[in-house]
Amino acid sequence: MSVLNVMWSGGAAFVSVHKVHRQILQLGKPGEPVETLLLQSGDAAPLADVGRVTALGLSTARIKGAGLLGALQRVLARRQLAKRLMQQPPRVVLIDGIGVAAFILPLLEKLTAARAVVMFHGSKRLKAAHIALLRRFPAGRLDLVAVSATLAAELEAQVGLKVLNGRVAIEPVAFRSSLMAREAAQRALGIPPGAGRTIGAVGRLVPEKGFSRLVTAAAGWLLNNPEDRLVIVGEGVERQHLAALAEELGVINQVHLTGHHAEVPRLYSAFDLICIPSEQEGLGLVLPEAVIAGVPVLASDLAVFREQLNGATGLLPFATEAWRDALNTVLTEDLGALAHVQRAGMDAEGVWARFEVFYQRLLAR
1 MSVLNVMWSG GAAFVSVHKV HRQILQLGKP GEPVETLLLQ SGDAAPLADV
51 GRVTALGLST ARIKGAGLLG ALQRVLARRQ LAKRLMQQPP RVVLIDGIGV
101 AAFILPLLEK LTAARAVVMF HGSKRLKAAH IALLRRFPAG RLDLVAVSAT
151 LAAELEAQVG LKVLNGRVAI EPVAFRSSLM AREAAQRALG IPPGAGRTIG
201 AVGRLVPEKG FSRLVTAAAG WLLNNPEDRL VIVGEGVERQ HLAALAEELG
251 VINQVHLTGH HAEVPRLYSA FDLICIPSEQ EGLGLVLPEA VIAGVPVLAS
301 DLAVFREQLN GATGLLPFAT EAWRDALNTV LTEDLGALAH VQRAGMDAEG
351 VWARFEVFYQ RLLAR
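Residue 111 in UniProt numbering sits at position 111 of the sequence shown; the count goes up by one each step and never skips.
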């Protein structure tokens, strides 16, 4: 028997989810084989740490059964996967979200010895067909798990089934020990020696991450403090827009778009402050990573961040003016004091201990 981890795809956009699943899978029964199936393809290096990774190379149309041809292709793909599952029946199947669940749950109904665990990593309005699928699956063999209490409550209201709070966590001791020294981290990000304070941001360059708001809000501070800079680590469709905005605001030489960086969790020591101006967030890994690294954070006042900080300060409304005022305030105050308050509020050690117990029990059942 084994644990099968089924995910949508590989690639940079999925790294955060891959890391969470890796942490979960590492808490399984000692010696039990683990295999990951990617419905599509792409790099999934974090998951290779826990077992074999196989990419099925399916198109989105084939997975979703879109159109007559897509529906036929999905039937054929499911038949092939069903044969594989019958030959090597897993004990537990860890499933990455409702899109993957819609593809594979019907195949698991006949594998009566297999338990399904569907992980929800972000807020989503479920389709009626998806809700019906979850309700139809044998309740004794299905666990629904959300990565925060807020998301669990939201999903539970939609599906009418129990959704467990499997809040994500980071092992703090190992994370801190992996951090680069400040000079090395700044060098890795291309920050020149002797620079002033570095405001950091990490994430995909997409509208919902709010980076245009951050560039606008930070521009005044940067103009008045020419040695300081804003470094945004990530890649995406907004790169040209953000560069043009920085040019328009006169701070293009102080705003650095580094692109995707595989080692970003080791680079937080490069920053004096981390900003997370997201309009929505599912996993929210950047905030706990920064706090554990000892870097203070300003973040949007979202439920997932309130849950993570447990009442600590640093949360802001979406308004650009609020971000501008907050930056002008915290960058003239003791950043170490804010970092201390946020670290105490998060209690990373306690959160990690609860994470271990929860997922060890979940995978052992």
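Ideal placement from N, C-alpha and C gives every residue a C-beta, glycine not left out.
On a predicted model such as this, the values are computed, not experimentally measured, just so you know.
Between the alpha carbons of L249 and P46 lies a gap of roughly 39 Å. With a beta-carbon spacing of about 4 Å, A152 and V163 fall inside the 8 Å limit used to define contacts.
Going by C-alpha positions, Q186 is about 23 Å away from E238. Residue burial is scored here from C-beta neighbours: S300 has at least 16 other C-beta atoms within 10 angstroms and is therefore classed as buried. The beta-bridge partner set that DSSP reports for M119 consists of D96 and V145. I98 and P296 have their C-alpha atoms some 34 Å from each other. I191 sits in coil when the DSSP states are folded into three classes, being neither helix nor strand. The Cβ atoms of L142 and A116 lie closer than 8 Å to each other. F103 has its alpha-carbon roughly 17 Å from the corresponding atom of P89.
By the C-beta density criterion, S178 is exposed, having fewer than 16 other C-beta atoms within 10 angstroms.
The alpha-carbon of V341 is positioned some 51 Å away from that of R74. Counting along the chain, the unbroken beta strand (DSSP E) around G200 starts and ends at T198 to V202. The segment 30-47 and the segment 125-143 do not touch, with fewer than 3 CB-CB distances between them shorter than 8 Å.
Beta-bridge analysis with DSSP links M7 to L38. Within the model, the alpha-carbon separation for L302 versus L76 is close to 42 Å.
Taken through DSSP and simplified to helix, strand or coil, N225 comes out as coil.
Counting along the chain, the unbroken alpha helix (DSSP H) around L47 starts and ends at A45 to A48.
Under the Cβ criterion (8 Å, minimum of three pairs), the segment 240-257 does not count as touching the segment 304-315. From the listed residues V34, G284 and A101, the smallest Cα separation to T150 is found for G284.
With three or more CB-CB distances shorter than 8 Å, the segment 203-218 counts as touching the segment 269-286. If you draw a straight line from the Cα of G160 to the Cα of F137, it comes to about 13 Å. Here DSSP, grouped into helix, strand and coil, assigns H256 to strand. A distance below 7 Å between beta-carbons, with the five flanking residues on each side excluded, links G345 to the following residues of its chain, in chain order: L309, N310, G311 and A312. When C-alpha distances from P172 are compared across W352, L362 and A364, the shortest belongs to W352. Distances from the alpha-carbon of Q26 to those of S9, L39, I232 and A48 put A48 closest. As the crow flies, the alpha-carbon of V231 is around 16 Å from that of W323. Here G236 really is in contact with V206; their C-beta atoms are around 5 Å apart, less than 8 Å. DSSP places S2 in the coil class of the three-state scheme, outside both helix and strand.
Judged by DSSP in its simplified three-state form, R52 adopts strand.
Around the Cβ of N5, a 10 Å sphere holds 16 or more other Cβ atoms; the residue is buried. The bridge partners DSSP lists for A299 are I276 and L315. Counted as a single uninterrupted DSSP element, the stretch harbouring L164 is not any alpha helix (DSSP H) but the beta strand (DSSP E) occupying residues V163 to N165. A distance below 8 Å separates the beta carbons of H261 and L267.
A straight line joining the alpha-carbon of L338 with that of M119 spans about 33 Å. Taken through DSSP and simplified to helix, strand or coil, L230 comes out as strand. Assignment of D325 by DSSP, reduced to helix, strand and coil, places it in the helix class.
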